[in-house]
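Asker:
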Amino acid sequence: MIAKVIVDIPASNVNKTFDYLIPKTLEASAQPGMRVAVPFGPRKLQGFILSITKDATVSKLKRLQELLDPVPVLTSELLSLGQWLSEETLCFLITAFQAMIPSALKATYKKEFALSQEQHLSSLPSQVMRWFNHRTHIPYDEIVTTEPELLPVFQKLVTAGTLEVIYKMNDKVTKKKIKVVYPNQSVGALQTLLAALPPQALKQKEVLHYVMNEREGVVQSDLLTMFDASRSTVTALEKKGAVVVIDQELYRDPFAGREFKKTTPLTLTAQQEESMRPMVAAVEEERHETFLLHGVTGSGKTEVYLQTIEAVLQKGKEAIVLVPEISLTPQMVLRFKGRFGSRVAVMHSGLSAGEKYDEWRKIQRKEVSVVVGARSAVFAPFENLGLIIIDEEHESSYKQEENPRYHARDVAIHRGLMNHCPVILGSATPSLETYARAQKGVYTLCELLERVNSRELPAVEIVDMREELRNGNRSMFSEDLFAKLQDRLQKGEQSVLFLNRRGYSSFILCRDCGYVGECPHCDISLTYHKKHHTLRCHYCGYAEEMPTNCPSCESSYIRFFGTGTQKVEEELAKLLPEARVIRMDVDTTSRKGSHEKLLSQFGEGKADILLGTQMIAKGLDFPKVTLVGVLAADTMLHLPDFRASEKTFQLLTQVSGRAGRHELEGEVVIQSYTVGHYSIELASKHDYHTFYKEEMAVRQSHRYPPYYYLTLLSFSHPDVLKVVDASEKCAGYLRERLSERTLILGPVVSPIARIKDRYRYQVMIKYKNEPALSRIIQELLQHFQPLMDKEGLHISVDMNAQQMM
DNA sequence: AGCACGCCGACT
DNA sequence: GTCGGCGTGCTC
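Quick note, this note's numbering runs 858 ahead of the 1-based positions in the first sequence.
Below, the structure written as structure tokens:
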């Protein structure tokens, strides 16, 4: 039998299957979707079996070396989904498959030198022999980093046959194994065996006496500490056939030992009930349908999800819930764990690679029926999928900005289609694309326009900060906001202050000459890092000491413009010294679990003001919060992005929704320098529908999505002339082949003109109907392949660009 | 990706 | 005359 294998190299010339002979011994167990180790040239690589056939396309076959999984890691559905994904996003097959499995299953490769058979150390030159002191294998990398001039010597010894090169392949993360001791015979038989033990075998007696009643097994290390015994005691018992020791895979449960308060379904409002009915119907009928659940903040979308999932579980099926990374908070997880207990797996970036793997294994082994996770959880290997939910559907984090450049929403809908199951997109501020589709009837629109507690949405006041400045207020708090903060402080109520991080990033600036610290390799300003007192580049990792004097004019008035939040915190301390402030930003939440800790402190009333960035905009739900302040609403409005208005509207709406969710009434103050702007104006009125109409008109007149599709080609090269030349040629190539109604813009320089010493240009394609676009771009890539290989030109394609960078 | 094979300049 | 530069093409 022949296995068609796709190997672990993302390159166009190996983006196809290779045939391998399946050894007789593995024939029974080899299955499509398994990872395998295969010889590839002189190396040993990981690969995936795509299919198994009788005959091969080539004659000289190698045999596959090893099966790396007892059961396939890719289900047959995922195998075909990968195919689809690679066509849809124009990525290599291997890249699509790698995105579907936990990174712990990725292979790492190592090259080593070892002495050949029948060779003796003494035949080595002394400077090489030194390396073989106390070991038989010398890692290639070690020589490269410490004594690269010795490499040719090693190489020569290889050609001479004295040394050989060994290619090693390992899993990235070793599965945590634990030894468990089980009784190996009936209690009666063991009783006899126990009696027959020699009298001096005290430890064995004790241990066996204990183990024989533990049919569930005992962890060996526990057993040994319990009786102060050693490994040999257990081995002796094993030899006598009394017990058996089994290596068992151990789950690292990040929620181990945590109690989840069981919650029961809440009574639904009439609106919730009405929205849910068609969703449950689709679940019952196992029919694909995409729903847009448009519910204002606090309208109880989550409860609708939970009860729809309940219907899925009733049917014995499984559900995927996608949540944006940033709102995958413990609060959120608790709601799901509280309702479905141990039937839930949770996948988010806060988990270690090992923990992620363990959660994934729970899905694979059918130990859970619900997964709550960020973007990549859309690939959960369920085989009986009954529902996919995407919460906060509009969030940009659902788009992966590296290969494969997929949007989780598209993948979800495709999986829904394949599995005959409904997909629910939920949001208070749906993306224009989604809402437009709902309007057209492509998706079923369900609206929840009332909050569950019938509370009014909070009153929102917009403050013109230019006015404040004219009146001599140079602080970052308007008089109004400041007065309200004081008021809450007096009443013992809580406030949330929101600062948009962008535009406030922590660059350094010379106040004399205007010098801004920039990365020498990337056209981007350096970010100040407090912990190392260095300036670092976000893109390439370049770091330098924080200068004491301006590198350009020697002035000592060089200072960094603090992390925004830090600065606000300082000012708060000056103006409201009695206020207890909790600051949440990348600096204070980088440690594991600190995010959670800070929030629970705030929830317990240990602070009066929560000050933070994006990360506090979502999902927070604290009864005592009655004031929300947005310090600068328009910092992201001026970004070079046609979605800037939409993003501003979404953010302001989300933030406003944090106030007055319970008994106490809430109030919101938005400070802005662009008060007339419709996105700010309409967010303050909680008026999504008018915003939708206005923004749609703008999109139509500028020919942007959802009226046009948008594909972005990016080019990069160390030589600016080369990249301009290449991108012009590509634009020309496209102009010749695409229809006249399609717009091809550029090439223009990218918003970030240079990263890691490579100059960047881009070409934007706006189109309504271009059925052959994928094929044409594929041909373009083929056509320019020689240029990419020879000159080191990089071309990246984003078939559904969300960001212009 | 990594490696071997292959064709043109400065060296024992 | 050879060692070695990296351009080209292949890996089942």
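Heads up, the beta-carbon is just placed ideally off N, CA and C, and yes, glycines get one too.
1. Express the C-alpha separation of residue 1226 and residue 1189 in angstroms, rounding to a whole number.
2. Per DSSP, which one or two residues make a beta bridge with residue 921?
3. Measuring alpha carbon to alpha carbon, tell me which of 910, 879, 913 ends up nearest residue 897.
4. Return the first residue and the last residue of the alpha helix (DSSP H) that residue 1387 is part of.
5. Taking all protein chains shown into account, do 16 or more other C-beta atoms lie within 10 angstroms of the C-beta of residue 991, making it buried, or fewer, making it exposed?
6. Roughly how many angstroms lie between the CA atoms of residue 1014 and residue 1255, to the nearest whole one?
7. Return yes when the Cβ of residue 1567 is within less than 8 Å of the Cβ of residue 1625, no when it is not.
8. Tell me the rounded alpha-carbon separation between residue 953 and residue 962.
9. Nearest-angstrom Cα distance between residue 1662 and residue 1574?
10. Are the segment 1267 to 1287 and the segment 1129 to 1149 touching, with three or more C-beta to C-beta distances below 8 Å?
11. Would you mind working out which of 1463, 1462, 947, 1467 sits nearest residue 1441, comparing C-alpha positions?
12. Along the chain, where does the beta strand (DSSP E) that runs through residue 1003 open and close?
13. Pick helix, strand or coil for residue 1028, following the three-state DSSP scheme.
14. Which residue wins for smallest C-alpha separation from residue 1248, given the options 1216, 1580, 1167, 1079?
15. Would you tell me roughly how many angstroms separate the C-alpha atoms of residue 1218 and residue 877, rounded to the nearest one?
16. I'd like the span of the beta strand (DSSP E) that includes residue 1487, first residue to last.
17. Using 10 angstroms around the beta-carbon of residue 1443, count the other beta-carbons present and answer buried if the total reaches 16, otherwise exposed.
18. Could you spell out the range, first to last residue, of the alpha helix (DSSP H) harbouring residue 1323?
19. Could you tell me if residue 1311 is buried or exposed, where buried requires 16 or more neighbouring beta carbons within 10 angstroms of its beta carbon?
20. Start and end of the beta strand (DSSP E) containing residue 1601?
21. If I measure Cβ to Cβ from residue 933 and keep anything under 7 Å in the same chain, skipping five residues before and after, which residues do I get?
22. Per DSSP, what are the beta-bridge partners of residue 1249 in this structure?
23. For residue 1185 versus residue 1306, is the C-beta distance shorter than 8 Å?
24. How far does the beta strand (DSSP E) with residue 1623 in it extend, from its first residue to its last?
25. Assuming residue 1491 contacts residue 1530 under a Cβ cut-off of 8 Å, what Cβ separation, rounded to an integer in Å, is found between them?
26. Taking DSSP's pairing of strands, which residues face residue 1652 in a bridge?
27. Excluding sequence positions up to five away, which residues of its chain have a Cβ less than 7 Å from the Cβ of residue 1221?
28. Quick one: what does DSSP say residue 1402 is sitting in, helix, strand or coil?
29. Give the DSSP bridge partners of residue 1178, in chain order.
30. Since residue 1081 is in the alpha helix (DSSP H), which residue starts that stretch and which ends it?
31. Buried or exposed, going by whether 16 or more other CB atoms sit within 10 Å of the CB of residue 939?
32. Go through its chain and collect everything with a Cβ distance to residue 1685's Cβ below 7 Å, but skip five positions before and after it.
33. Along the chain, where does the beta strand (DSSP E) containing residue 984 start, and where does it finish?
34. What does the Cβ neighbour count give for residue 1301, buried or exposed, with the cut at 16 atoms within 10 Å?
35. Use the C-beta contact count for residue 929: other C-beta atoms within 10 angstroms, 16 or more gives buried, fewer gives exposed.
36. Let's see if you can read the secondary structure: which residues bound the beta strand (DSSP E) around residue 1203?
Answerer: Per the coordinate set shown:
1. Cα-Cα distance, rounded: 20 Å.
2. According to DSSP, which records beta bridges pairwise, residue 921 is partnered with 879.
3. For the residues 910, 879, 913, the minimum Cα distance to residue 897 belongs to 879.
4. Not the alpha helix (DSSP H): residue 1387 falls in the beta strand (DSSP E), residues 1385 to 1387.
5. Label assigned to residue 991: exposed.
6. Residue 1014 and residue 1255: Cα-Cα distance of roughly 51 Å.
7. For residue 1625 and residue 1567, yes; Cβs fall inside 8 Å.
8. Distance between the alpha carbons of residue 953 and residue 962: 15 Å.
9. In this model, residue 1662 and residue 1574 are separated by some 15 Å (Cα to Cα).
10. Yes: the two stretches touch, three or more of their Cβ pairs being nearer than 8 Å.
11. Taking only the C-alpha atoms, the option nearest residue 1441 is 1467.
12. Unbroken run through residue 1003 is the alpha helix (DSSP H), 998 to 1004; no beta strand (DSSP E).
13. Of the three classes helix, strand and coil, the one that applies to residue 1028 here is strand, per DSSP.
14. Residue 1167 is the option with its Cα nearest to residue 1248.
15. The straight-line gap separating the alpha-carbon atoms of residue 1218 and residue 877 is approximately 29 Å.
16. Per DSSP, residue 1487 belongs to the beta strand (DSSP E) from 1483 to 1488.
17. Burial check for residue 1443: the Cβ neighbour count within 10 Å reaches 16 or more, so the residue is buried.
18. Start and end: 1323 to 1328.
19. Residue burial is scored here from C-beta neighbours: residue 1311 has fewer than 16 other C-beta atoms within 10 angstroms and is therefore classed as exposed.
20. Where residue 1601 is concerned, the enclosing beta strand (DSSP E) stretches over 1601 to 1613.
21. Counting only Cβ-Cβ distances below 7 Å, and skipping sequence neighbours, we find 891, 1239, 1241.
22. Partner residues in the beta bridge of residue 1249, as assigned by DSSP, are 1284.
23. No. Outside cutoff.
24. Here the beta strand (DSSP E) through residue 1623 covers 1616 to 1625.
25. Confirmed, Cβ separation roughly 4 Å.
26. DSSP output for residue 1652 lists 1574 as bridge partner(s).
27. Correct list, in chain order: 1203, 1229, 1238, 1239, 1240.
28. Here residue 1402 sits in strand by DSSP.
29. 1229, 1246.
30. Where residue 1081 is concerned, the enclosing alpha helix (DSSP H) stretches over 1078 to 1085.
31. Answer is buried; the Cβ neighbour count reaches 16.
32. The chain is shown from 859 up to 1663; residue 1685 falls before or after that span and cannot be answered.
33. Premise fails: residue 984 lies in the alpha helix (DSSP H), 984 to 987, not in any beta strand (DSSP E).
34. Residue burial annotation: residue 1301 is buried, with at least 16 other C-beta atoms found within 10 angstroms of its C-beta.
35. It is exposed - the Cβ of residue 929 has fewer than 16 other Cβ atoms within 10 Å.
36. The continuous beta strand (DSSP E) containing residue 1203 extends over residues 1202 to 1205.
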